[in-house]
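Before any comments, here is the structure.
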Amino acid sequence: MTPADLSRTVLHAVRRAVDEDALRAPVPARVRVERTRPGGSGDYACAVALQLAGPAALPALEVARILRERVAAEPGVGRVEITGPGFLSFTLDAPAESDRAVLAAVREQGLAYGHGGALGDEIHQLHHAREVRAAVTAQAVFRLLVAQGARGRTTCEQAPDPDWARLGVTVNAYGTPPTPLTEIRPVPAGATAGELLERLGPDAARWGLLRAAGHDRAALGPELLVQSEANPLFRVRYAHARARALTRGATALGFTAEAAPYGESPAPYGESPAPYDRAARPLLDLLADHPGVLLAGARHRAPDRVARQLEAVAHAFFDFHDSCPPLPAGDEKPSAAHRARLAIAEAAGTVLAGGLSLLGIRAPEHL
Numbered sequence: 243m244t245p246a247d248l249s250r251t252v253l254h255a256v257r258r259a260v261d262e263d264a265l266r267a268p269v270p271a272r273v274r275v276e277r278t279r280p281g282g283s284g285d286y287a288c289a290v291a292l293q294l295a296g297p298a299a300l301p302a303l304e305v306a307r308i309l310r311e312r313v314a315a316e317p318g319v320g321r322v323e324i325t326g327p328g329f330l331s332f333t334l335d336a337p338a339e340s341d342r343a344v345l346a347a348v349r350e351q352g353l354a355y356g357h358g359g360a361l362g363d364e365i366h367q368l369h370h371a372r373e374v375r376a377a378v379t380a381q382a383v384f385r386l387l388v389a390q391g392a393r394g395r396t397t398c399e400q401a402p403d404p405d406w407a408r409l410g411v412t413v414n415a416y417g418t419p420p421t422p423l424t425e426i427r428p429v430p431a432g433a434t435a436g437e438l439l440e441r442l443g444p445d446a447a448r449w450g451l452l453r454a455a456g457h458d459r460a461a462l463g464p465e466l467l468v469q470s471e472a473n474p475l476f477r478v479r480y481a482h483a484r485a486r487a488l489t490r491g492a493t494a495l496g497f498t499a500e501a502a503p504y505g506e507s508p509a510p511y512g513e514s515p516a517p518y519d520r521a522a523r524p525l526l527d528l529l530a531d532h533p534g535v536l537l538a539g540a541r542h543r544a545p546d547r548v549a550r551q552l553e554a555v556a557h558a559f560f561d562f563h564d565s566c567p568p569l570p571a572g573d574e575k576p577s578a579a580h581r582a583r584l585a586i587a588e589a590a591g592t593v594l595a596g597g598l599s600l601l602g603i604r605a606p607e608h609l
């Protein structure tokens with residue numbers, strides 16, 4: 243069960259409780275679940291009982307108890323606990339099945355993994371100043387909104403800078419619009435599009451403009467061009483290129499990926515599967531969380547969240563890759579463990595490519 247599946251499961255439980263007259267409250271449009279914080283209980287937590295307590299005229303703990311019995315009966319949910327003033331904490335059942343579901347979703351959806359229709363009923367007009375960071379940010383936000391099913395357009399206060407097109411920016415109209423709009427006004431870049439393109443090129447310029455939160459100043463120095471792992475953009479793109487190289491290497495060795503239940507396949511040379519599981523867990527969790535990050539980036543007009551997610555995926559990918567090489571070494575024969583590792587590596591590469599695409603940045607297969 244993925245986080246999106248769990249969110250739908252909880253929402254279904256709310257609807258059932260309302261339909262059965264056990265809960266008298268409006269059904270929310272969506273339910274947010276989050277990974278449990280360090281020291282917390284279970285795999286995920288949800289505050290929906292606190293959200294519904296007021297409208298239902300019931301204590302949050304009572305609402306939580308009503309929902310708990312309905313969620314606990316759902317497939318894939320191992321245990322549901324009530325913590326604090328009324329939080330629901332979920333421990334998922336059969337993590338291997340959940341991992342396989344995530345890997346299967348990435349393989350099936352490809353670069354569109356994490357896209358969805360959660361914002362399908364929304365129409366947005368993103369309006370920005372004639373300034374390069376505002377224009378690039380508005381374009382990235384627009385891509386994120388469309389990826390979640392929303393519709394809309396971008397408008398500028400004045401005629402756009404001709405150099406914006408080289409940064410992938412399009413503007414549907416300019417001038418003062420007559421309709422309500424969402425203004426995109428990050429801290430200005432302090433340079434024109436032409437200057438940034440000359441110094442950094444389109445990919446590094448876009449990353450520098452989008453990586454910082456809108457209220458922070460963008461870092462647009464020469465460090466964006468450094469070809470080392472100290473440069474987050476290089477690290478993200480290198481992780482993607484390395485994942486693609488692993489697929490080519492596996493093809494040359496005559497095997498392909500297989501999303502086997504993690505920990506069930508024997509590790510090579512009789513190695514205990516425990517460290518294999520520990521090394522994979524952070525990366526698998528990040529891959530499962532990716533759809534929620536894309537949705538949050540769209541809702542909060544925050545493409546920087548996507549950039550930070552990609553950095554985290556790249557970091558976890560290299561930790562996993564170094565601890566559990568997906569390709570056999572020397573005379574070692576490809577095993578079930580290698581096929582399972584390759585499936586995870588390929589999924590990471592796909593998520594990195596899809597995230598970079600939403601930011602308007604190329605994901606080269608060779609670096």
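Just so you know, the sequence shown maps onto residues 243 to 609 in the numbering used here. Heads up, the beta-carbon is just placed ideally off N, CA and C, and yes, glycines get one too.
Whole angstroms is fine: what's the gap from residue i's alpha carbon to residue j's?
i: V260; j: G410; result: 47 Å
i: G362; j: A392; result: 5 Å
i: E634; j: R441; result: Since the first residue shown for the chain is 243 and the last is 609, residue 634 is missing from the structure and cannot be characterised.
i: G596; j: A435; result: 25 Å
i: V273; j: E437; result: 44 Å
i: A389; j: R250; result: 19 Å
i: V413; j: A446; result: 21 Å
i: A407; j: I603; result: 14 Å
i: R486; j: V429; result: 36 Å
i: E500; j: A354; result: 20 Å
i: H542; j: R258; result: 30 Å
i: E262; j: Q367; result: 40 Å
i: A299; j: R307; result: 14 Å
i: L488; j: D561; result: 15 Å
i: A472; j: T592; result: 22 Å
i: P301; j: G282; result: 22 Å
i: A549; j: D564; result: 23 Å
i: E323; j: H254; result: 18 Å
i: H608; j: Y480; result: 8 Å
i: A509; j: P570; result: Note that A509 has pLDDT 43, beneath the 50 cutoff, so the model's placement of it is unreliable and no number is given.
i: V348; j: V290; result: 28 Å
i: L423; j: F384; result: 13 Å
i: P545; j: G539; result: 5 Å
i: R583; j: R277; result: 24 Å
i: V555; j: A522; result: 11 Å
i: P474; j: G450; result: 10 Å
i: I426; j: E553; result: 24 Å
i: P327; j: V305; result: 11 Å
i: P356; j: L536; result: The identity of residue 356 in the sequence shown is Gly, whereas the question assumes Pro. Their backbone Cα atoms lie some 7 Å apart in a straight line.
i: R547; j: R448; result: 14 Å
i: L598; j: G572; result: 34 Å
i: R372; j: A431; result: 12 Å
Hey, quick one: how far does the beta strand (DSSP E) through residue i stretch, first residue to last?
i: V429; result: Where V429 is concerned, there is no enclosing beta strand (DSSP E), given that its DSSP letter is neither H nor E.
i: E607; result: That residue, E607, is in no beta strand (DSSP E); it is neither H nor E in DSSP.
i: V275; result: 275–277
i: R395; result: 393–398
Note the first and the last residue of the continuous alpha helix (DSSP H) segment covering residue i.
i: A296; result: Just to set this straight, residue 296 is Gly in the shown sequence, not Ala. Segment 290–298, the alpha helix (DSSP H) holding G296.
i: G591; result: 578–600
i: E493; result: The question names Glu, but residue 493 is Thr in the sequence shown. Where T493 is concerned, the enclosing alpha helix (DSSP H) stretches over 474–495.
i: R257; result: 245–261
i: H557; result: 545–565
i: V305; result: 302–313
i: R272; result: R272 -> no alpha helix (DSSP H), and no H or E assigned at all.
i: A444; result: Checking the sequence shown, residue 444 turns out to be Pro, not Ala. First-last of the alpha helix (DSSP H) with P444: 435–453.
List the whole-angstrom C-beta distance separating residue i from residue j, where the pair is believed to meet the contact cut-off of C-beta under 8 Å.
i: A360; j: H482; result: So it is not a contact: roughly 26 Å between Cβ atoms.
i: A377; j: H370; result: 6 Å
i: T396; j: A380; result: 5 Å
i: T244; j: G284; result: T244 to G284, Cβ: 16 Å. No contact.
i: L303; j: L330; result: Not quite, the Cβ-Cβ distance comes to about 11 Å (not below 8 Å), so this is no contact.
i: F559; j: L600; result: The pair is not a contact, with the Cβ atoms about 18 Å apart (cut-off 8 Å).
i: A246; j: P444; result: About 32 Å separates the two Cβ atoms, so there is no contact after all.
i: P404; j: Y416; result: Actually they are not in contact, since the Cβ atoms of P404 and Y416 sit about 13 Å apart, beyond 8 Å.
i: L594; j: V478; result: 6 Å
Output yes if chain B places a C-beta closer than 8 Å to the C-beta of residue i; else output no.
i: G391; result: The structure shown has no chain B; it contains just one protein chain.
So does residue i have its beta carbon nearer than 7 Å to some heavy atom of the ligand ZN?
i: G596; result: The model on display carries no ligand, and the ligand ZN is accordingly not part of it.
Three or more C-beta pairs below 8 Å linking the region 482–502 and the region 303–321
no
When you compare the region 459–472 with the region 582–602, are there three or more beta-carbon pairs, one atom per stretch, that lie closer than 8 Å?
no
Per the contact definition of three or more C-beta pairs closer than 8 Å, is the region 444–459 in contact with the region 527–539?
no
4 or more residues per run - each alpha helix (DSSP H) lying fully within the region 322–388:
337–351
Three or more C-beta pairs under 8 Å: does that hold for the region 254–269 against the region 293–313?
yes
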